[in-house]
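Working notes, structure below.
There are 4 protein chains.
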Amino acid sequence: MQQTFRLVIDCPDQVGLVAAVSQFLADNQATIVEASHHTDSQLGRFFMRHEIKADTLNLSLENLRSAFAPIAESFSMNWKVSDSHQKQKVALLASHESHCLIDILHRWHSGELDCDIPCIIANHPQMKQFADWYKVPFHWVDFKNQDKAVAFAQVEALLDEYQADLTVLARFMQIVPDNLCQKLAGKAINIHHSFLPSFAGAKPYQQAYDRGVKLIGATCHYVTKDLDEGPIIEQEVIRISHSDSAADMVRKGKSCEKTALANGVRYHLQDRVIIHKNKTVVFA
Amino acid sequence: MQQTFRLVIDCPDQVGLVAAVSQFLADNQATIVEASHHTDSQLGRFFMRHEIKADTLNLSLENLRSAFAPIAESFSMNWKVSDSHQKQKVALLASHESHCLIDILHRWHSGELDCDIPCIIANHPQMKQFADWYKVPFHWVDFKNQDKAVAFAQVEALLDEYQADLTVLARFMQIVPDNLCQKLAGKAINIHHSFLPSFAGAKPYQQAYDRGVKLIGATCHYVTKDLDEGPIIEQEVIRISHSDSAADMVRKGKSCEKTALANGVRYHLQDRVIIHKNKTVVFA
Amino acid sequence: MQQTFRLVIDCPDQVGLVAAVSQFLADNQATIVEASHHTDSQLGRFFMRHEIKADTLNLSLENLRSAFAPIAESFSMNWKVSDSHQKQKVALLASHESHCLIDILHRWHSGELDCDIPCIIANHPQMKQFADWYKVPFHWVDFKNQDKAVAFAQVEALLDEYQADLTVLARFMQIVPDNLCQKLAGKAINIHHSFLPSFAGAKPYQQAYDRGVKLIGATCHYVTKDLDEGPIIEQEVIRISHSDSAADMVRKGKSCEKTALANGVRYHLQDRVIIHKNKTVVFA
Amino acid sequence: MQQTFRLVIDCPDQVGLVAAVSQFLADNQATIVEASHHTDSQLGRFFMRHEIKADTLNLSLENLRSAFAPIAESFSMNWKVSDSHQKQKVALLASHESHCLIDILHRWHSGELDCDIPCIIANHPQMKQFADWYKVPFHWVDFKNQDKAVAFAQVEALLDEYQADLTVLARFMQIVPDNLCQKLAGKAINIHHSFLPSFAGAKPYQQAYDRGVKLIGATCHYVTKDLDEGPIIEQEVIRISHSDSAADMVRKGKSCEKTALANGVRYHLQDRVIIHKNKTVVFA
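Chains as they are written, first to last, in the numbering used here: chain A, 1 to 284; chain B, 1 to 284; chain C, 1 to 284; chain D, 1 to 284.
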């Protein structure tokens, strides 16, 4: 895949912002592959993402960063430049449900998700068989016979060891403790099996069945200390009816979960998501 | 349109039920246009709807009812037989938003909704212009300068006077008092502008905006005394993104509202909905 | 609604393009409400739309145009600047089906579609009732008792007389002659009741029924001399099953038709559509 | 999973049909899990599927068949009774694209698809790695260095050897010869990567890109000798825009392909599909 640099910015809105950025890019001969802008007029805030062909730029990545820094400062920007060839390390956390885990693994294996997967961590040992096939190191962490705090300390140590850039909770089903949520802020993605804010918490399909809704869904969001309350990246829904049993709902829901999670992760890996307060701008 | 009779049943599930009903229909020469069955195995309950060609039956409607009564009794059925040529009287309640009102009126006027519309009742007088065009009696009820209980008493008197079989709250935006909810149980349909149970109550689009969801929707449900908690008939959703302003969300949401309400009302008018506890079976 | 100017551009892709445009806007103090870019790397072509707050600009519309012309020329741009307060005149053509006509009229009447509607032209006189209510001049053109070329000459004369900027064929059901298609190129929008390219031509619902598809749809496209082959602006689909009768398909299809047409017209009116060869870029 | 028998019938419509079948079931104490009916009034044909709890029936499967035969004959029924515990053997044909193959394998492995998979046949050897993990016998058939007729003779011999009840072409990408199509009539399912009848034949995504459609899709259908013309079981679509590259379209399309194929196969395995002429009734 061609190498691109991604310049992602959010800052207070003001006149001259786009001109300054695009003049900078033009001055350095950057060919723009994709440019996305969003002005939130309620907040007076501006969001921007440029993807540029690396080989057209007459600057190295490092020099690009240092050359852009003064502009960024003058407009009070939150910003980053990332290199598409520097693959992010994505750690996968799983439990006993395999559908999301395998879906992510297959998309990665077939080249659809452009990242490295340094490890799979699960609280059920049978996930090892999938890890082995994909030749990804597997770690079982016992959440049953030891204190959860101890188990999460082991998870955290593994994430540190593998230097995970992103942690994906592929139906992990354990409530992440506050301190770890804070450490992973903006770098941990969860899939919840309902169209939030409906049916937060445990057993969303049962809740949906009990309420008699005609649609079920899934929500991909960043992990925060408030359970199922983090910034939403992507949601999917599917129609159900009275004739759908609990098993049918689970089956249909899995399809939503896989799609929402895969899209959310891809958007994140391509630096298409900007978190602002408790919401996201997604340049899909 | 050809005349049909609709036999709608729910009862405890047991062997021989379908045989008894279909033997009864066959004995009376009924040609079945449409037959729908549902067994709720968790509840052990059976739901059934038959639509039969009236002119193939060798019984009048009245005789059909009396002939079927013993079967119904022996299986402890809730049941009814309705005649497609006996149009239901549908009273429309509206406020200042016209999109749902007009959508229902146009579907009725063009023959898509097979019913009579004896009156439109609104708490904003400007709805009269639409009523006039469609030649439907219009009643303005003042909810601003008089007590709400008094206003609702006027609404109730009008529903009684026009002998409404069904009351449709086409974005009526007033909380119906408990006693009227109970009187209209199973005979009043509301459209709520969110995918319930998310964003019940006031200003659902603002709630959706604040939460940063990626889908908004609408829910058509029976009115009960617990606000936005009644049995759901139909739901619609539509995708939104960060670039959708509040106005965009309202526009997209209106489309969901119209579709969900029109479908819900049509299902009800065609006796396709069976309410059981707080859920519905919808033989769509 | 706040006044905006919309600068819409397409041209060969090259470095410095965005910088030149955004520098121009910044130099003239323009606050950008919305900016959209698209590079078609296969074609080497660039598409761009800016919507700017009129009152922040230190130029009149006329001066904006003359000031921008040299930049446009240097980059070989197709371009235009439009003023949101200069309402486009939209002539509606209809036949005997009213659903699309009324939908457009209601969206216009309620302020969702920001345009003028100077006239409705139909080949069935009963559409007059709707025109009257909305106080829009109505013209019946007889397509039955006179030659079609004569009838179309009358339509053309009316479009000229009312100085229509856009002509919307709201299920007009007559094949527009080549010369008129050419005259209206990029300024006439049709709704076809199938998901093109499936089921072009006559009776698409019957074709869909005969083929046994599980989805039906509608396509909003620009009119060209090749029937149902023009650039597509928007498409909608809806699920059907074996249990949907021809009447059900028509009913469901109408919902797709209304939505696709309304969206397509709105995109056009807001200068969100750029036609290039036989395709569109839609900055939705 | 509980054992059920499925009685699937289609025949000319006539009064007394349902009564005869349901009386037969009641007389033999069958508890009905699910009953579906459809009358095609244009064709005067009736379609019916019953799923009954095997252990409530006072007849063996064999006796059920012989007891029902006279009823079937008297109503000129096409019919079958199948046993949910007699797993169908599903042979998978694949080429070099793995997404549909793996999706089917994972759904089978996780218990969602209730069948046996006796073999995978592919014209690219690298599919063996997946077959190995799932412990399914793998056969590579060379379509490149030998005549296609010879290659297909090898495929046919393998299908015979493994006694395949159903053959699934999981993006097999080879045109099946007429004689094999006829032999597999109603027992071979293909996934085509467009919403048929749009873009039949080769390179549908390229065709879609060239036409500029705003939706792409996938179609699951029975294989017939007329390429991409067989009875459709299921279709899926997804929205695209000008900003979707060819690679994006492939990615989005794959999601449709997997869902449509998995649903189509599941419906077939559960005897929910009745083929009549070139269309299907699907009791989903």
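The C-beta atom is built at its ideal place from N, Cα and C for all residues, glycine as well. It should be emphasised that the depicted structure is a prediction, and the values quoted were computed from it without experimental measurement.
Of all residues in the region 204-227 of chain B, only Arg211, Gly212, Val213, Lys214 and Leu215 come within less than 7 Å of chain A when Cβ atoms are compared, listed by chain position.
Looking at C/Ser22, C/Arg45 and C/Asn28, the one whose alpha-carbon comes closest to that of glutamate 34 of chain C is C/Ser22.
Around the Cβ of histidine 38 of chain B, a 10 Å sphere holds 16 or more other Cβ atoms; the residue is buried.
Rounded to whole angstroms, the separation of the alpha carbons of isoleucine 216 of chain D and valine 18 of chain A is 34 Å. For phenylalanine 138 of chain A against isoleucine 120 of chain A, the beta-carbon gap comes to about 5 Å, under 8 Å, which counts as contact.
Inter-segment contact for the region 3-17 of chain C and the region 84-98 of chain C is present: three or more beta-carbon pairs are separated by less than 8 Å. Ranked by how close their Cα comes to the Cα of proline 118 of chain A, the residues A/Arg45, A/Glu62, A/His192 and A/Val136 have A/Val136 in first place.
The beta-carbon distance between valine 265 of chain D and arginine 272 of chain D, rounded to whole angstroms, is 11 Å. This is too long to meet the 8 Å contact definition. At a beta-carbon threshold of 7 Å, the residues of chain C lying near isoleucine 232 of chain D are Gly212, Val213 and Lys214, ordered along the chain. Distances from the CA of serine 243 of chain D to each of C/Cys220, C/Ala284, C/Tyr267 and C/Lys254 were compared; the closest alpha carbon is that of C/Ala284. Membership of glutamate 156 of chain D in the alpha helix (DSSP H) is indicated by the continuous run 148-161. Of all residues in the region 252-273 of chain C, none has a C-beta nearer than 7 Å to a C-beta of chain A.
Under the DSSP assignment, tyrosine 209 of chain A falls in the alpha helix (DSSP H) whose first and last residues are 204-211. Under the 8 Å Cβ criterion, the region 89-107 of chain D counts as touching the region 239-258 of chain D, having at least three qualifying pairs. Between valine 237 of chain B and phenylalanine 195 of chain B a beta carbon distance of about 5 Å is seen, short of the 8 Å cut, so the two are scored as contacting.
The beta carbons of glutamate 112 of chain C and arginine 251 of chain B sit closer together than 8 Å.
A straight line joining the alpha-carbon of aspartate 210 of chain D with that of aspartate 27 of chain C spans about 39 Å.
Chain-order list of chain C residues neighbouring histidine 38 of chain D: His242 and Ser243, by C-beta distance under 7 Å.
Cβ atoms of aspartate 165 of chain A and valine 90 of chain A come within 8 Å of each other, at about 7 Å. Within chain D, the C-beta atoms nearer than 9 Å to that of asparagine 278 of chain C come from Asp210, Arg211 and Gly212, in chain order.
Between leucine 227 of chain A and isoleucine 175 of chain A, the C-beta gap is smaller than 8 Å, which places the two residues in contact. Within the region 169-201 of chain C, contact with chain D at the beta-carbon level (separation under 9 Å) is assigned to Phe195, Leu196, Pro197, Ser198 and Phe199.
With respect to the C-alpha of glutamate 62 of chain A, the residue from A/Phe47, A/Lys80, A/Glu73 and A/Phe75 having the closest C-alpha is A/Lys80.
Check the Cα spacing between asparagine 58 of chain B and each of D/Ala69, D/Ala30, D/Gly44 and D/Val15: the tightest is with D/Val15.
Residue environment: glutamate 51 of chain D is assigned as buried (16 or more neighbouring CB atoms within 10 Å of its CB, all protein chains considered). Taking a Cβ-Cβ threshold of 8 Å, the residues of chain C close to glutamine 23 of chain A are Ala19, Ser22 and Gln23, in chain order. Within chain A, the C-beta atoms nearer than 7 Å to that of valine 237 of chain B come from Leu215 and Val237, in chain order. Neighbours of glutamine 29 of chain C across chain A, judged by C-beta separation under 8 Å: Val15.
For the region 44-78 of chain D, the set of positions with a beta-carbon nearer than 7 Å to some beta-carbon of chain B is empty. A check of alpha carbon separations from phenylalanine 130 of chain D across D/Leu93, D/Pro231 and D/Ile275 identifies D/Leu93 as the nearest. Boundaries of the alpha helix (DSSP H) harbouring cysteine 256 of chain B: 246-269, taken from the DSSP string. Each residue's CA atom was taken as its position, placing alanine 208 of chain B and threonine 31 of chain C some 27 Å apart.
For the region 100-118 of chain D, the beta-carbon criterion of a distance under 7 Å to any beta-carbon of chain A is satisfied by Ile102, His106, Ser110 and Glu112. Taking the Cβ atoms as the reference, valine 213 of chain C lies roughly 17 Å from isoleucine 274 of chain D, outside the contact range of under 8 Å. Taking a Cβ-Cβ cut-off of 8 Å, valine 81 of chain A has no neighbours in chain C, whose nearest Cβ is about 17 Å from it.
Of C/Gln29, C/Arg45 and C/Phe199, the smallest CA-CA separation from aspartate 13 of chain C is found for C/Arg45.
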